[in-house]
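Colleague: Dropping the structure in here first, questions after.
Protein chains: 2
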Amino acid sequence: MAEPVVAILGLGLVGGSLARDLHALGHRVLAHDRDAATLTAAVRQGAVRVALDPDLSGIDEADIVVLAVPVGTAPGLLRGVAARSGTSLVTDVGSTKRSVVAAAEAAGLERRFVGAHPLAGDHRSGWGASRAGLFRGATVFLCPASGVAPDALRRAEALWRSVGAHPRVMDAAEHDRRMAWVSHLPQAAASALALAIARSGLPTEALGAGGRDTTRLAASSPDVWTDILLDNADDSGAALAALEAAVADIRRALERRDREGLAAALEEARRWKEAD
Amino acid sequence: MAEPVVAILGLGLVGGSLARDLHALGHRVLAHDRDAATLTAAVRQGAVRVALDPDLSGIDEADIVVLAVPVGTAPGLLRGVAARSGTSLVTDVGSTKRSVVAAAEAAGLERRFVGAHPLAGDHRSGWGASRAGLFRGATVFLCPASGVAPDALRRAEALWRSVGAHPRVMDAAEHDRRMAWVSHLPQAAASALALAIARSGLPTEALGAGGRDTTRLAASSPDVWTDILLDNADDSGAALAALEAAVADIRRALERRDREGLAAALEEARRWKEAD
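The listed protein sequences derive, respectively, from chains A and B. 727 is the number of the first residue of the first sequence in the numbering used here; add one for each residue after it. 727 is the number of the first residue of the second sequence in the numbering used here; add one for each residue after it.
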């Protein structure tokens, strides 16, 4: 049986890497990117067979449509995809899932949409950062629309397994709550730490290895993360408030010269981290 | 000319690694560690030639004495060293420098003490984590006592250059202020982030690669860091207050759904980090 034809909209780090892997597995990959140079490069390098026009004409050839655009852009794009494509699976790769699943349901894709979030991004972005094997060994959360067809979910699982990822089905709201703590909070914490040091007047190169790691995520794309944080503002805001409280706990222990309190806080953090 | 005899007090990550490198360079290394098994292992593995007794008898054979003990322990030890050793250089490896330099001056070592802080630690600790080449390419801050003899400073610079580090002389107070921002703050931030996530009930393994990096330092030794933070409590407390303010800036932008304000904060952090 021939591999399904896959249309990928957006050839950044995640979309580009998926195009490379699916092409290598024998899929015919159609793609669009709003950056013409990226699209030309992807076709020239062979990962993309057909460059789609902005109006997405020709997308009805695809068996699977993957939206790999920023979180804020996906909902608007879903309506166009629903109108132009009768494919059995529409999916995405965004870091938040509640709003895109709701948008898919509103666009009439409730039987065909399975949101996906591969835990495989890093602080780099764009086609230039994309690479084969990005998803190998990564968890990918799958958040199906309410009335999803069992076949659509099976296809989504098969797609991600084929590139080496481990699918895990999760309710979209639960996914977003979880990500607020383990993904959006570390991202915002790294940016806040970089801001605080920047405002002290010290340069980045004054950091040692530990400080470089702790601020690494601050190099991430501000556009991408502004979208993600705003899309999950309530949960991320609660997580940030909890971080403020934890920083204040440590600061107050220091101000009181409270050796036991300080050691207990660092030990509680270490125990959690070492359970790795 | 024979290499100087070096006495190292404390065979943890830093003291142990220094012993390995200096032994390989042909120095005769005397050492003590309060953990008898560590001291035995270091002698058996050849890095240490002579195990010193707790009373440090025999230390007067050394041309250079290196204190490689926790920040809170060094001042007390300095008095014993001053009494027992006429060596021309006494140095240390602690992460804070103001209190140890003051203690050295008070102990009558003002001509012979050059505090040192190699930026080469990581979240591991103990003899088991020590290794050859730890200091290669690392900056080492040297903070001399007030009345230091030029020869003592030259010897300290030569010692660290011989193991591949780059010496940089700095006033102890300036060093501690700087470290509050680029070392102590990232450490405390990683612990606070780990605390916040731990209190949400999510396990460490829920983190992606970014979250793992951002919390890496939380695995550091609570004892070592309690000492360091308390020893630099005023500067570190000020840095923590600045971090709280930066986290609050991001949280409030989220609460107001202030896209521009949020993007501007993330972009300010990214610009600083990317100046790397």
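By construction, the Cβ of each residue, glycine as well, lies at the ideal position given by its N, Cα and C atoms.
#1: What residues from chain B crowd round ALA920 (chain A), counting only those whose CB sits closer than 7 Å?
#2: VAL950 (chain A): which of A:ALA914, A:ALA773, A:ALA991, A:VAL792 sits nearest, CA to CA?
#3: Report yes if the CB atom of ALA800 (chain A) is closer than 7 Å to the CB atom of VAL774 (chain A), and no otherwise.
#4: At 9 Å on the CB atoms, spell out the chain B contacts of TRP853 (chain A), in chain order.
#5: Write down the C-beta distance between SER872 (chain A) and GLU831 (chain A) rounded to the nearest angstrom, noting that I regard them as a contact closer than 8 Å.
#6: With a Cβ-Cβ cutoff of 7 Å, do LEU765 (chain A) and ALA750 (chain A) count as a contact?
#7: Rounded to whole angstroms, what is the Cα-Cα separation between GLY741 (chain B) and ARG894 (chain B)?
#8: Give a yes or no on whether the C-beta atoms belonging to LEU793 (chain B) and VAL840 (chain B) are separated by under 7 Å.
#9: What are the start and end residues of each continuous alpha helix (DSSP H) run of 4 or more residues lying completely inside the segment 768–849 of chain A, in chain order?
#10: Is it buried or exposed, GLU883 (chain B), if we count other Cβ atoms within 10 angstroms and call 16 or more buried?
#11: Alpha carbons only, please: which of B:GLY752, B:TRP853, B:GLU729 is nearest the one belonging to LEU735 (chain B)?
#12: Closest by CA to ASP786 (chain B), which one among B:VAL819, B:SER856, B:SER814?
#13: Starting from VAL973 (chain B), follow the alpha helix (DSSP H) in both directions and report where the run begins and ends.
#14: Quick one: is ILE923 (chain B) near chain A, going by C-beta distance under 7 Å?
#15: Going by C-alpha distance, which of A:ARG760, A:VAL797, A:ALA918 is nearest ASP781 (chain A)?
#16: Excluding five sequence neighbours on each side, which residues of the same chain lie with their C-beta closer than 8 Å to the C-beta of ASP779 (chain B)?
#17: Quick check on PRO844 (chain B): buried or exposed, where buried means 16 or more other Cβ atoms within 10 Å of its Cβ?
#18: Starting from LEU940 (chain A), trace the alpha helix (DSSP H) both ways and give me its first and last residue.
#19: Any residues in the segment 844–872 of chain B with a beta carbon nearer than 9 Å to a beta carbon of chain A? Which ones, in chain order?
#20: On the three-state DSSP scale, how would you describe VAL874 (chain B)?
#21: What is the DSSP secondary structure of VAL731 (chain A), reduced to helix, strand or coil?
#22: Between which two residues does the alpha helix (DSSP H) containing ALA915 (chain A) stretch?
#23: Quick one: give me the first and last residue of the alpha helix (DSSP H) that HIS749 (chain B) is part of.
#24: Could you list which residues in chain B have their beta carbon closer than 9 Å to that of ARG754 (chain A), in chain order?
#25: Can you tell which of B:VAL795, B:VAL755, B:ASP848 has the C-alpha that lies nearest to the C-alpha of SER909 (chain B)?
#26: CB-CB under 8 Å to GLY851 (chain B), same chain, minus the five flanking residues each way: which ones, in chain order?
#27: Could you list the residues in the segment 735–762 of chain A with a C-beta less than 8 Å from some C-beta on chain B, going in chain order?
#28: Run through chain B and tell me which residues come within less than 7 Å of ALA914 (chain A), C-beta to C-beta.
#29: By a C-beta neighbour count over all protein chains shown, 10 Å radius and 16 as the cutoff for buried, is ALA920 (chain B) buried or exposed?
#30: Do ALA898 (chain B) and ALA864 (chain B) count as a contact pair if the criterion is CB distance below 7 Å?
#31: Which residue wins for smallest C-alpha separation from GLU993 (chain B), given the options A:VAL973, A:ARG985, A:LEU943?
#32: Keeping to the same chain, check which residues put their C-beta closer than 7 Å to that of VAL795 (chain B); ignore five residues upstream and five downstream.
#33: Terminal residues of the continuous alpha helix (DSSP H) containing HIS901 (chain B)?
#34: Considering only C-alpha positions, which residue in the set A:ARG746, A:LEU980, A:ASP953, A:SER917 is nearest to ALA768 (chain A)?
#35: Could you name the residues of chain B that VAL908 (chain A) contacts, counting a contact when the two beta carbons are closer than 8 Å?
#36: Give the range of the alpha helix (DSSP H) segment to which ALA995 (chain B) is assigned.
Modeller: Answer, in terms of the structure:
#1: ALA995, TRP998, LYS999
#2: Considering only A:ALA914, A:ALA773, A:ALA991, A:VAL792, the residue with the shortest C-alpha distance to VAL950 (chain A) is A:ALA914.
#3: no
#4: Contacts between TRP853 (chain A) and chain B, judged by CB atoms closer than 9 Å, are missing: the closest CB pair is about 19 Å apart.
#5: Correct: roughly 6 Å between the Cβ atoms.
#6: no
#7: 20 Å
#8: Contact flag unset, no.
#9: 800–810, 824–832
#10: buried
#11: B:TRP853
#12: B:SER814
#13: 959–981
#14: yes
#15: A:ARG760
#16: HIS758
#17: buried
#18: Sequence check: residue 940 (chain A) is Thr here, not Leu. Element bounds for THR940 (chain A): 935–940.
#19: Within the segment 844–872 of chain B, LEU845, ALA846, GLY847, ASP848, HIS849, ALA864, THR865 place their CB atoms closer than 9 Å to a CB of chain A, listed in sequence order.
#20: coil
#21: coil
#22: 911–926
#23: 739–750
#24: Simply none; closest approach about 31 Å.
#25: B:ASP848
#26: According to the sequence shown, residue 851 (chain B) is Ser rather than Gly. Apart from sequence neighbours up to five positions away, the residues of its chain that approach SER851 (chain B) with a beta-carbon distance below 8 Å are GLY738, LEU739, SER946, SER947, VAL950, ordered along the chain.
#27: none
#28: ILE976
#29: buried
#30: no
#31: A:LEU943
#32: LEU735, GLY736, LEU803
#33: 898–905
#34: A:ARG746
#35: ILE923, LEU928, ALA932, LEU933, GLY934, GLY937
#36: 985–1000
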